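Residue numbers (this note's numbering), protein chains in the order written: chain A, 1 to 114; chain B, 1 to 114.
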């Protein structure tokens, strides 16, 4: 089955700097890659996603890039702010007969230092 | 409109007892997912429903875990003969399928087995 790895596990950046989180997946047939943000004690919320037919997607300070050949995708946050501090999870939708099996990475705890 | 709701928000139970966790998805969402999140860990997929059928039960960790769903509405996750390692936050998510992929998460049920 699908396996998703995520690095780094923790990341500290100064406010205003950029943050990059990288995920790799194992199943080349995976076709949907969302990123979720989970603040302490709260539920995960989708912040951006990308499909396998697109190489890059951007939404204001957040962007995601996908390299299908290398089977990795990355989250880029520019001009980080203290409210970006949270745990970020990547996921890959690994295909099965029903195409709905989401596999999440272990998460990255991002701390933005003021 | 109303988001995904879960009940109870917290549940403390003694080892060996059965527990039932409830999820109310967003109205009209046909897809429903259950995940387990241990403290400081990622999201572990348990089961996926499409309507009231469960095409993917691959994540259920043992036969003590079961889930059902009534139509395209409420789902219950039942854990029999609870063990201490079952202690975790149990998250439910729903999505519109088709066409949506975004999963909307509920607030979770924090289960503590003593």
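Where a beta carbon is used, it is the ideal one built from N, C-alpha and C, also for glycine.
Given the structure is predicted, the values throughout are model-derived calculations rather than measurements.
Would you kindly work out how many angstroms separate the C-alpha atoms of residue i and residue j, rounded to a whole number?
i: residue 102 of chain A; j: residue 17 of chain A; result: 31 Å
i: residue 2 of chain B; j: residue 24 of chain B; result: 10 Å
i: residue 6 of chain A; j: residue 33 of chain A; result: 13 Å
i: residue 56 of chain A; j: residue 83 of chain B; result: 44 Å
i: residue 97 of chain A; j: residue 107 of chain B; result: With a pLDDT of 44 at residue 97 of chain A, under the threshold of 50, the modelled position of that residue is not reliable, and the figure given next carries that caveat. Cα-Cα distance, rounded: 29 Å.
i: residue 113 of chain A; j: residue 87 of chain A; result: 15 Å
i: residue 146 of chain A; j: residue 108 of chain A; result: Lying outside 1 to 114, the shown extent of chain A, residue 146 of chain A is not represented and no answer is given.
i: residue 95 of chain B; j: residue 27 of chain B; result: 10 Å
i: residue 29 of chain A; j: residue 52 of chain A; result: 9 Å
i: residue 99 of chain B; j: residue 4 of chain B; result: Only weak support is given to the placement of residue 99 of chain B: the predicted model assigns it a pLDDT of 45, under 50, and the value that follows is read from those uncertain coordinates. About 18 Å.
i: residue 81 of chain A; j: residue 20 of chain A; result: 14 Å
Spell out the partners DSSP gives residue i in its beta bridges.
i: residue 22 of chain A; result: A/7, A/74
i: residue 51 of chain A; result: A/32
i: residue 12 of chain B; result: B/112
i: residue 20 of chain B; result: B/78
i: residue 32 of chain B; result: B/49, B/94
i: residue 93 of chain A; result: A/102
i: residue 67 of chain B; result: B/77
Starting from residue i, trace the beta strand (DSSP E) in both directions and tell me its first and last residue.
i: residue 68 of chain A; result: Taken as a continuous stretch (DSSP letters only), residue 68 of chain A belongs to no beta strand (DSSP E), as it is neither H nor E.
i: residue 103 of chain A; result: 101-104
i: residue 55 of chain B; result: 53-56
i: residue 110 of chain A; result: 108-113
i: residue 7 of chain B; result: 5-7
i: residue 118 of chain B; result: There is simply no residue 118 of chain B to check, as chain B begins at 1 and stops at 114 in what is shown.
i: residue 58 of chain A; result: 56-59
i: residue 43 of chain A; result: Neither: residue 43 of chain A is in no beta strand (DSSP E) and is coded neither H nor E.
Using a threshold of 6 Å, is the CB atom of residue i nearer than that to any non-hydrogen atom of the ligand MG?
i: residue 33 of chain A; result: This structure lacks the ligand MG; in fact it carries no ligand of any kind.
Cβ closer than 8 Å: which chain E residues qualify as neighbours of residue i?
i: residue 49 of chain A; result: Protein chains in the displayed structure are A and B, and chain E is not among them.
Starting from the Cα of residue i, find the closest Cα among the options and give me that residue.
i: residue 47 of chain B; options: B/40, B/57, B/86, B/38; result: B/57
i: residue 93 of chain A; options: A/73, A/85, A/80, A/12; result: A/73
i: residue 9 of chain B; options: A/43, A/20, A/12; result: A/43
i: residue 50 of chain B; options: B/64, B/68, B/86; result: B/68
i: residue 71 of chain B; options: B/12, B/5, B/30; result: B/30
Query raised in the report: Any chance the segment 105-113 of chain B sits against the segment 13-26 of chain B, with 3 or more Cβ pairs inside 8 Å?
Result: yes
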